[in-house]
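Report on the following structure.
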Amino acid sequence: MKTVSLVLGSGGARGLAHIGVIHWLEENGYSIESISGCSIGALIGGAYAAGKLDEFEHWVRPITKIDIVTLLDMSWNRRGLVKGDKVINTLIELVGNQLIEDLPIRYTAIATDVKNEKEIWINSGPLFDAIRASISLPLLFTPYTYKGIELIDGGVLNPVPIAPTFHDETEVTIAVNLGGPVMSSEIETDEQPKLVEDSQQFYEKISRYIKNRLQQKAATLTEADWGVYDVANQAFDAMQSTIARQKLAAYPPDHTIEIARNACGILDFDRADEMIALGYKKAQESFS
10 MKTVSLVLGS
20 GGARGLAHIG
30 VIHWLEENGY
40 SIESISGCSI
50 GALIGGAYAA
60 GKLDEFEHWV
70 RPITKIDIVT
80 LLDMSWNRRG
90 LVKGDKVINT
100 LIELVGNQLI
110 EDLPIRYTAI
120 ATDVKNEKEI
130 WINSGPLFDA
140 IRASISLPLL
150 FTPYTYKGIE
160 LIDGGVLNPV
170 PIAPTFHDET
180 EVTIAVNLGG
190 PVMSSEIETD
200 EQPKLVEDSQ
210 QFYEKISRYI
220 KNRLQQKAAT
230 LTEADWGVYD
240 VANQAFDAMQ
250 STIARQKLAA
260 YPPDHTIEIA
270 RNACGILDFD
280 RADEMIALGY
290 KKAQESFS
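In this text, residue positions in the sequence shown follow this note's numbering: the first is 10, and each later residue adds one.
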């Protein structure tokens, strides 16, 4: 088997494509020895490194828009729209909050110290402290205080974090860029949804958990409320795409898998089947 350093980029719900990429690699003789992840890449990579990607996939495939709203604990302050505690607590219930240094795979999550304008590489301590810091998308999630430093989404400075893999002793480095060229047509795939029955069982389990322990009265968001954040997120996507191109040109990996930046919206987690199938397809195309 070829050993791999896998770099998983940022891009919201598009990052569910990382799951499909991982499936293809596993099925085609690649052994993932190291993961460097940013934002959603830190989340998917963390679940995989903890040996819990299947559980995460079972849970995310049947998610609906209502489920997504239920998981958004509104903060309504100037620091961010969503606190993120509900999301993280739900994921800890699924994955478990292991220490990064105890994971069987080398793992680094990338966050941004915006005050000092520098990347923060987190490769020790509680896994979900690292993930929560890395997913702190400006305007959407409130910043996360880590070791006394306020951190936001790693994609602000490095949406495809290749540098943490430079000293890996693996045979190949593979980067997944979620800021790829815009698609001109709808996604087409012959991939059939997997694990439907098992997904429903996991969904029911987590739904009960949410209702019993997390559910609070959801704030009502108007179209205008979301419109402001949608425009900001489109701007953030454009910025990340530009930075990603520069990083990939400066430090080219052995293989780059490109996911179009308009493949889905940043919170379109209800399109999980579609995104996972897209990741699988793009991985296959990259190595053909």
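Don't be surprised by glycine CBs; every beta carbon is placed ideally from N, CA and C. These numbers were taken from a predicted model, which means no experiment stands behind them.
Given residue i as reference, the closest of the options once Cα atoms are compared
i    : options                : result
I97  : Y155, G188, A142, G24  : A142
T79  : A259, G288, L276       : L276
A292 : I183, P190, Q249       : I183
D279 : F150, I140, A26        : A26
L108 : A59, V165, L15         : A59
T99  : N132, I114, Y116, F65  : F65
L81  : D94, I72, I144, E42    : D94
I131 : Y39, R23, I268, D162   : D162
S297 : W33, G54, R23, K11     : W33
A286 : A22, K11, I28, S48     : I28
T12  : E35, N125, M284        : E35
S133 : L146, E110, K127       : E110
F175 : P261, E126, R254       : P261
A247 : G189, I72, D263, M284  : G189
M10  : D263, M284, V181, S250 : V181
Backbone secondary structure at residue i - three-state DSSP
i    : result
A118 : strand
I183 : strand
P135 : strand
K156 : coil
E178 : coil
S19  : coil
V30  : helix
V123 : coil
E232 : With a pLDDT of only 47 at E232, under 50, the local geometry of the prediction cannot be trusted, and no value is derived from it.
V13  : strand
G274 : coil
L166 : coil
L25  : helix
S45  : strand
I109 : helix
S143 : helix
S40  : strand
Rounded straight-line distance, which links the Cα of residue j to that of residue i
i    : j    : result
V169 : I75  : 30 angstroms
L62  : A56  : 5 angstroms
T265 : V185 : 6 angstroms
I252 : A172 : 14 angstroms
N221 : A272 : Because the pLDDT at N221 is just 49, under 50, the model does not fix this residue reliably, and the value given afterwards should be weighed accordingly. Their Cα atoms are separated by approximately 34 angstroms.
G164 : E102 : 26 angstroms
R115 : N106 : 16 angstroms
A139 : A51  : 8 angstroms
Y153 : I53  : 19 angstroms
V69  : V123 : 31 angstroms
G157 : G38  : 42 angstroms
V104 : I77  : 18 angstroms
I31  : E126 : 32 angstroms
L17  : A258 : 16 angstroms
S193 : G274 : 15 angstroms
P135 : P113 : 14 angstroms
P71  : F137 : 23 angstroms
E267 : S40  : 21 angstroms
M284 : A22  : 8 angstroms
R254 : D263 : 15 angstroms
G9   : Y155 : Outside the displayed range of the chain (10 to 297) lies residue 9, so it cannot be described from this structure.
Residue i - containing alpha helix (DSSP H), residue span
i    : result
G50  : 49-58
V69  : 62-69
L287 : 281-295
T79  : 74-80
I171 : Unbroken run through I171: none, as it is neither H nor E.
E102 : 94-104
Beta-carbon gap between residue i and residue j smaller than 8 angstroms
i    : j    : result
L187 : G20  : yes
G46  : A118 : yes
D282 : S14  : no
K313 : N167 : The displayed coordinates of the chain run from 10 to 297. Any statement about residue 313 would go beyond what the structure contains.
T179 : S43  : yes
I49  : I144 : yes
V191 : A269 : yes
For residue i, the first and last residue of its enclosing beta strand (DSSP E)
i    : result
E267 : 264-269
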